[in-house]
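Data block below; observations after.
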Amino acid sequence: MPRIANLYFRTAIVFLILGISIGLHMSITGNHAATGAHAHANLLGWVTMAIFGGYHALNPRKAARRLAMIQYAVYTFGVTMLIPSLYLLLSGNTAVEPIVAISSLIAFAGVLLFAVIIFSSSEASVSARVAPTH
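Counting in the working numbering, the sequence shown runs from 7 upward without gaps.
Printed below as a string of structure tokens:
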């Protein structure tokens with residue numbers, strides 16, 4: 007499996023643990039103010055990163071490109087900043103709103119970079135080779 011795919015799966019499971027932890031905390035305390043942070047951790051962290059990892063596992067030539075690692079770094083940084091700042095914002099700390107906005111834009115930039123990877127030349131994707139007949 008390409009390194010980037012493995013990184014995405016490892017990062018995804020960390021966000022799943024975080025998302026479930028936020029959900030458990032809300033359930034235990036009865037305070038569901040941070041539902042948005044719980045949802046973002048699970049969807050942007052767990053689900054989206056697992057899908058990114060799966061795509062790279064299926065397209066090792068694209069996964070080997072430098073752009074794949076740049077995209078991973080940008081997206082992961084954005085989501086890593088977004089989840090705790092969104093949690094704090096939804097918990098009443100309005101001072102972090104600019105961090106939520108900036109980190110959202112960074113995560114979106116990571117999604118746009120992934121779109122570039124997907125729409126890049128099919129030459130970079132793995133294709134089945136037909137063995138020559140003699």
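All residues carry an ideal CB built from backbone N, CA and C; glycine is no exception.
- When the Cα atoms are used, Tyr93 and Gly116 turn out to be separated by approximately 21 Å.
- Here Gly98 is exposed: its Cβ has fewer than 16 other Cβ atoms, across all protein chains shown, within 10 Å.
- Here the C-alpha atom of Ile19 lies approximately 30 Å from the C-alpha atom of Ser127.
- Per DSSP, reduced to three states, the secondary structure at Met75 is helical.
- The residues Phe21, Leu24, Gly25, Ile28 and Ile89, in chain order, have a CB closer than 7 Å to that of Ala47 in the same chain once the five nearest residues on each side in sequence are set aside.
- The C-beta of Thr100 has fewer than 16 other C-beta atoms within 10 Å across all chains shown, which makes the residue exposed.
- The C-beta of His38 has fewer than 16 other C-beta atoms within 10 Å across all chains shown, which makes the residue exposed.
- Within the same chain, and ignoring the five residues on either side of Thr41 in sequence, the residues whose Cβ sits closer than 8 Å to its Cβ are Met32 and Leu96.
- In the structure shown, Ser127 falls within a coil segment according to DSSP collapsed to helix, strand and coil.
- With a cutoff of 8 Å on beta-carbon distance, Leu119 and Ile76 are scored as near each other.
- For Ser33, the enclosing alpha helix (DSSP H) has its first and last residue at Arg9 to Thr35.
- In the assembly as shown, Ile10 is a buried residue. Its beta-carbon has 16 or more other beta-carbons within 10 Å.
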